[in-house]
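Just remember that my numbering sits 1 ahead of the position in the sequence shown, which is counted from 1.
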Amino acid sequence: MSIKNSFILLLGLLLNLSVYGGPFPPAAGLPGSTAIAANDPAIVGWATAYSDYVIGANVDVQFQTPNLALGPAGNSDGNNNGFVFDIVSLGNNGSISLSFENPLTNGDGADFLVFENSFSDGFLELAFVEVSSNGSDFVRFDNVSLTPTAVGAFGNIDTTNIIGYGGKYRSGFGTPFDLQELASKASLHPSLNINYITHVRIVDISGNGTHFDSLPAPAGPNPIYDPFPSSGSAGFDLDAVAVMHFYQQEFEANVPLPFSSLILLSLMLINIHYLRGRKTP
């Protein structure tokens with residue numbers, strides 16, 4: 002279900018008390034959560050290359066290793082650094098693009114997962130998530146932030162108040178993204194083919210309210226808040242991007258031959274039979 006449709010269905014819940022507080026799926030492990038664990042057997046692959054790593058502000062050198070965003074979450078290089086430390090930091094307003102052994106495609110449910118390194122269900126650093134079918138033209142997933150006020154450097158946000166961002170879930174659990182949600186944007190972005198995605202781009206959000214969600218008026222757009230300011234490993238800390246559905250080249254099999262080809266083949270067979278008959282004593 003698209004974020005727009007989800008919001009329409011759930012808008013009324015904002016006026017009522019709920020178990021979780023907001024209208025969107027709760028933290029990993031709770032009923033209704035959409036979080037997917039890093040060891041889920043449905044994962045079929047991981048990002049294998051990166052490009053366009055733009056380092057934002059306040060990132061120490063030790064967290065500027067983009068190769069750590071490749072391979073499995075928590076174990077990109079085989080050293081089992083764990084979900085918290087196996088990361089590359091984007092810094093404030095930084096970004097990075099990931100690519101894969103094969104393109105991604107639109108299947109049933111989630112098509113890829115984004116892993117961040119949050120050590121809790123509340124300390125969530127967020128990022129926009131975008132995809133491309135050619136590596137240069139990107140389309141962003143819709144997103145909603147209902148966090149009402151600014152969040153301090155070590156503050157928390159309610160998982161049920163956000164949707165459509167990388168970083169919704171704590172370390173070890175991926176945030177799912179369904180390419181079907183972008184189907185309605187294809188007419189506005191001719192280069193986009195949701196059945197053939199070559200790149201996923203992660204764009205950090207400085208959580209001081211200078212970025213806005215994609216919720217249309219009159220309910221939005223809303224300022225986006227997450228823990229701010231931060232330093233050392235500021236901004237979104239990317240652990241990995243997992244693949245749920247790879248594109249597979251479809252080869253035609255048992256396709257009927259055109260009628261003209263059948264005629265030519267028949268003539269060839271007749272000719273072969275005739276020549277063989279003439280050689281018979």
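Backbone N, C-alpha and C define an ideal beta-carbon position, used for all residues, glycine too.
Would you kindly report the start and end of the unbroken beta strand (DSSP E) that includes residue i?
{"i": "Ser98", "result": "Ser96 to Leu105"}
{"i": "Asn209", "result": "Asn209 to Phe213"}
{"i": "Ile203", "result": "Ile198 to Asp205"}
{"i": "Gly57", "result": "Careful: Gly57 lies outside any beta strand (DSSP E) and carries neither H nor E."}
{"i": "Asp240", "result": "Asp238 to Val244"}
{"i": "Ser133", "result": "Ala128 to Ser133"}
{"i": "Val140", "result": "Phe139 to Arg141"}
{"i": "Leu114", "result": "Phe113 to Glu117"}
{"i": "Gly291", "result": "Residue 291 is absent from the structure shown; the chain starts at 2 and stops at 282."}
{"i": "Pro224", "result": "Pro224 to Tyr226"}
{"i": "Phe247", "result": "Note, Phe247: premise wrong, no beta strand (DSSP E); not H, not E."}
Using beta-carbon positions only, say whether residue i and residue j come within less than 7 angstroms of one another.
{"i": "Pro224", "j": "Gly210", "result": "yes"}
{"i": "Val55", "j": "Gly95", "result": "yes"}
{"i": "Val140", "j": "His190", "result": "yes"}
{"i": "Gly167", "j": "Ile203", "result": "yes"}
{"i": "Asn107", "j": "Gln181", "result": "yes"}
{"i": "His200", "j": "Asp112", "result": "no"}
Exposed or buried, which one is residue i when buried takes at least 16 other CB atoms within 10 Å?
{"i": "Glu102", "result": "exposed"}
{"i": "Gly92", "result": "buried"}
{"i": "Val133", "result": "In the sequence under discussion, the amino acid at residue 133 is Ser, which differs from the Val named in the question. Buried is the call here."}
{"i": "Asp205", "result": "buried"}
{"i": "Asn194", "result": "buried"}
{"i": "Pro67", "result": "buried"}
{"i": "Pro32", "result": "exposed"}
{"i": "Ala241", "result": "buried"}
{"i": "Ser100", "result": "buried"}
{"i": "Ala187", "result": "exposed"}
{"i": "Asp61", "result": "exposed"}
{"i": "Asp78", "result": "exposed"}
With a threshold of 6 angstroms on Cβ separation, who are the neighbours of residue i within its own chain once the five nearest residues in sequence on each side are excluded?
{"i": "Asn135", "result": "Ser192"}
{"i": "Tyr173", "result": "Before going on, a small fix: residue 173 reads as Gly here, not Tyr. Cβ neighbours of Gly173 beyond the five flanking positions: Ala39 and Phe84."}
{"i": "Phe25", "result": "Thr161 and Ile164"}
{"i": "Val89", "result": "Thr66, Pro67, Leu69, Ala70 and Leu239"}
{"i": "Asp53", "result": "Ser98"}
{"i": "Phe116", "result": "Ala74, Gly175, Asp240 and Ala241"}
{"i": "Ser207", "result": "Asn93 and Asn94"}
Just to confirm my understanding: we take residue i, look at its own chain, exclude 5 residues before and 5 after, and list those with CB closer than 7 angstroms. What are they?
{"i": "Gly330", "result": "Here the chain has residues from 2 to 282 only, and residue 330 is not among them."}
{"i": "Lys169", "result": "Leu125, Thr160, Ile163 and Thr176"}
{"i": "Asp214", "result": "Asn144, Val145, Ser146, Gly221, Pro222, Asn223 and Ile225"}
{"i": "Ser34", "result": "Pro26, Pro27 and Ala28"}
{"i": "Gly110", "result": "Asp179"}
Task: Segment contact flag, the segment 149-168 with the segment 113-133, C-beta cutoff 8 angstroms, min 3 pairs - done: Result yes; three or more Cβ-Cβ pairs closer than 8 angstroms.
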